[in-house]
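This report refers to the structure that appears directly beneath it.
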Amino acid sequence: MFCIFVYNMKIEKLILQRLQDTGRVHLPGWGSWYLKAQVSRWDSVTGTAFPKGKYIAFNPSIASIENSLVSLVMKDLGSTMEIAEQWISRKVQQWQQSLDHGAVLMLDGIGSFRPNGAFQSDVNSLDAQSFGLTPIMLHAISEPSALQSKVVASLKMVSEQREQGLRNWQKASAAAAVSLLFGLGIFQSPWSTQMAGWFATPVEFEAASEVAVPLVDVENHANETPAVTSSESKITSKAVVSATRLETGYSIIVGSFKVSTNASDLANKLRSQGHLVTLLEGSLMKVGIGSFASRDEAKTALSKVKADINSHAWICAY
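Letter by letter, the sequence shown follows residues 4 to 321 in my numbering.
See the structure below:
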């Protein structure tokens, strides 16, 4: 009489646990994951400011025979060192077979390996324990602030350099301000992001990904205009464009407005040109083009939207 014991623990969870404890995980015959510190920085390509933090990086060196997971597997499985090493070795062999067949190896919460061995850290894995924050995407606002206008005037640039000077000032000041807020632990954002591969536990990531940006009920939005008193001149509100109401998805943002009527004007204009328009509310009213089920679909359409409508367009999840 004999029995077969099936061990169902996912090796990805063990790797993340060891990374949290020691900052490094090595598997013989495969390589090492480690947490790589990054300073706060500005990504001019994606228009994103990042706080300093730690990314998951990978070193393919297999010279060491160290096995960082043996003790965890032994404890969890309640087995000998030999059995734990065999279980880990089988996992590594399965990974290698996937790459040998030309498939992309996906490790939940960690990242992915291409058939050529290149490693890409997982998106949406923010280090919530260290920061509890989200990278912020900065984009053009249609109405310049009074502070911006004063800065442009105070710079006293010649006309051909003024616009470039404003852009440089915006980038530098935004990166500094966001970094300061991150450092002080003041800024909190409910937005989930797909911009960077920050290190986090799966539970924290799942909780963050469940937060959705509220979708404006555009059909009833016009009814929210405050009542006009008798001492004020009555303003006739323009009809707000209607848009398909979706639960979750992605839209390409082409404009952000402090004044909701300005957002409605742009939405109506784009709708008249045959575009599917979505309005998203927040600290600014955002006008979006299209509704996509996945980020990859939105990326495909992003270049055309940038060329035809707004070069500062960006992708937003709701």
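Ideal placement from N, C-alpha and C gives every residue a C-beta, glycine not left out.
> Can you tell me whether DSSP reads T324 as helix, strand or coil?
Replying inline: Residue 324 lies beyond the residue range present for the chain, which begins at 4 and ends at 321; the question has no answer from this structure.
> Tell me the DSSP bridge mates of Y253?
Replying inline: The count along the sequence shown starts at 1 and reaches residue 253 at position 250. Answer is F295, A320.
> Exposed or buried, what is M288 when buried is set at 16 or more other beta-carbons lying within 10 Å of its beta-carbon?
Replying inline: Counted from its first residue, the sequence shown places residue 288 at position 285. Only buried fits M288, as 16 or more other CB atoms lie within 10 angstroms of its CB.
>> So for V262, helix, strand or coil by DSSP?
In response: Walking along the sequence shown from the start, residue 262 turns up at place 259. Residue state, collapsed to three classes: coil.
> Measuring CA to CA, which of A40, L269, G293 is closest to K261?
Replying inline: Locating residue 261 in the sequence shown gives position 258, counting from the first residue. Nearest of A40, L269, G293 to K261, Cα basis: L269.
>> Could you check whether the stretch 263-277 touches the stretch 299-307, counting it as contact only if at least three pairs of C-beta atoms, one from each stretch, sit closer than 8 Å?
In response: no
> Going by the beta-carbon positions, is the gap between L282 and Y321 smaller than 8 Å?
Replying inline: For the purposes of this step, residue 282 is identified with residue 279 of the sequence shown, where counting begins at 1. For the purposes of this step, residue 321 is identified with residue 318 of the sequence shown, where counting begins at 1. In this structure, Y321 does not lie closer than 8 Å to L282 by Cβ.
> In three-state terms, what does DSSP make of Q89?
Replying inline: Your numbering for residue 89 matches position 86 in the sequence shown. Here Q89 sits in helix by DSSP.
> Secondary structure at W33, three-state DSSP: helix, strand or coil?
Replying inline: On the sequence shown, position 30 is the one that residue 33 refers to. For W33, the secondary structure class from DSSP, reduced to helix, strand or coil, is coil.
> Roughly how many whole angstroms lie between the Cα atoms of H315 and G291?
Replying inline: As a working note, residue 315 is residue 312 in the sequence shown. As a working note, residue 291 is residue 288 in the sequence shown. Looking at the two C-alpha atoms, the distance is approximately 12 Å.
>> Helix, strand or coil for N62? Go by DSSP, reduced to three states.
In response: Reading the sequence shown from its first residue, position 59 is the one you call residue 62. N62 falls in the strand class under three-state DSSP.
> Measuring CA to CA, which of M84, Q96, Q41 is closest to G32?
Replying inline: Stepping through the sequence shown from its first residue, residue 32 is reached at position 29. Of the candidates M84, Q96, Q41, the one whose C-alpha sits nearest the C-alpha of G32 is Q96.
> How about L108 and L72: are their beta carbons less than 8 Å apart?
Replying inline: Here the question's residue 108 lines up with position 105 in the sequence shown. Here the question's residue 72 lines up with position 69 in the sequence shown. L72 is positioned such that its CB atom lies no closer than 8 Å to that of L108.
> What are the start and end residues of the beta strand (DSSP E) that includes Q23?
Replying inline: For the purposes of this step, residue 23 is taken as the residue at position 20 of the sequence shown. Q23 -> not in any beta strand (DSSP E); alpha helix (DSSP H) instead, spanning 14-25.
> Leaving out five residues before and five after E366 in sequence, what residues of the same chain have Cβ atoms less than 8 Å from its Cβ?
Replying inline: Coverage of the chain is limited to positions 4 through 321, which leaves residue 366 absent and any answer about it impossible.
> Are F61 and W98 closer than 8 Å when you measure CB to CB?
Replying inline: Numbered from 1 along the sequence shown, position 58 holds the residue referred to as residue 61. Numbered from 1 along the sequence shown, position 95 holds the residue referred to as residue 98. It is not a contact, given that the beta carbons lie outside the stated cut-off.
> Which term fits L19, buried or exposed, when burial requires 16 or more other beta carbons within 10 angstroms of its beta carbon?
Replying inline: Locating residue 19 in the sequence shown gives position 16, where the first residue counts as 1. With 16 or more other Cβ atoms from the protein chains shown falling within 10 Å of its own Cβ, L19 counts as buried.
>> Contact defined as beta carbons within less than 8 Å: I believe G112 pairs with F122. What is the distance between those atoms, to the nearest angstrom?
In response: Translated into the one-based positions of the sequence shown, residue 112 becomes position 109. Translated into the one-based positions of the sequence shown, residue 122 becomes position 119. About 14 Å separates the two Cβ atoms, so there is no contact after all.
> With burial defined as no fewer than 16 other Cβ atoms inside 10 Å of the residue's Cβ, what is the status of G277: buried or exposed?
Replying inline: As a position in the sequence shown, residue 277 is number 274, starting the count at 1. The residue is exposed, with fewer than 16 neighbouring Cβ atoms inside 10 Å.
>> Tell me the residue span of the beta strand (DSSP E) that contains G120.
In response: The residue labelled residue 120 in the question sits at position 117 within the sequence shown. Note, G120: premise wrong, no beta strand (DSSP E); not H, not E.
>> Using C-beta distances below 6 Å, list every residue in its chain close to A15, excluding the 5 sequence neighbours before and after it, in chain order.
In response: Position 12 of the sequence shown, counted from the first residue, corresponds to residue 15. In the sequence on display, residue 15 carries Glu and not Ala. Around E15: L110, D111, G112, I113.
>> Beta-carbon within less than 7 Å of A87's beta-carbon, same chain only, minus the 5 sequence neighbours each way: which residues are those?
In response: Reading the sequence shown from its first residue, position 84 is the one you call residue 87. For A87, same chain residues with a beta-carbon under 7 Å away, outside a window of 5 residues either side, are V73, V76, M77, L80 in chain order.
> P63 and G105 look like a contact to me (Cβ under 8 Å); what is the Cβ gap, rounded to whole Å?
Replying inline: Numbered from its first residue, the sequence shown carries residue 63 at position 60. Numbered from its first residue, the sequence shown carries residue 105 at position 102. That belief does not hold up - the Cβ atoms of P63 and G105 are roughly 18 Å apart, past 8 Å.
>> Buried or exposed, going by whether 16 or more other CB atoms sit within 10 Å of the CB of D125?
In response: In the sequence shown, counting from the first residue as 1, residue 125 sits at position 122. With 16 or more Cβ atoms within 10 Å of its Cβ, D125 is classed as buried.
> With respect to the beta strand (DSSP E) encompassing V322, which residues constitute its N-terminal and C-terminal limits?
Replying inline: Outside the displayed span of the chain (4 to 321) sits residue 322, for which this structure offers no information.
>> Following a CB-centred definition, is T25 positioned closer than 7 Å to any heavy atom of the ligand GDP?
In response: Ligands in the displayed structure: none, and consequently the ligand GDP is not present.
> Whose C-alpha, out of W45, K13, I59, is nearest the C-alpha of T25?
Replying inline: As a first step, residue 25 must be located in the sequence shown, where it is residue number 22. Comparing Cα positions, the closest option is I59.
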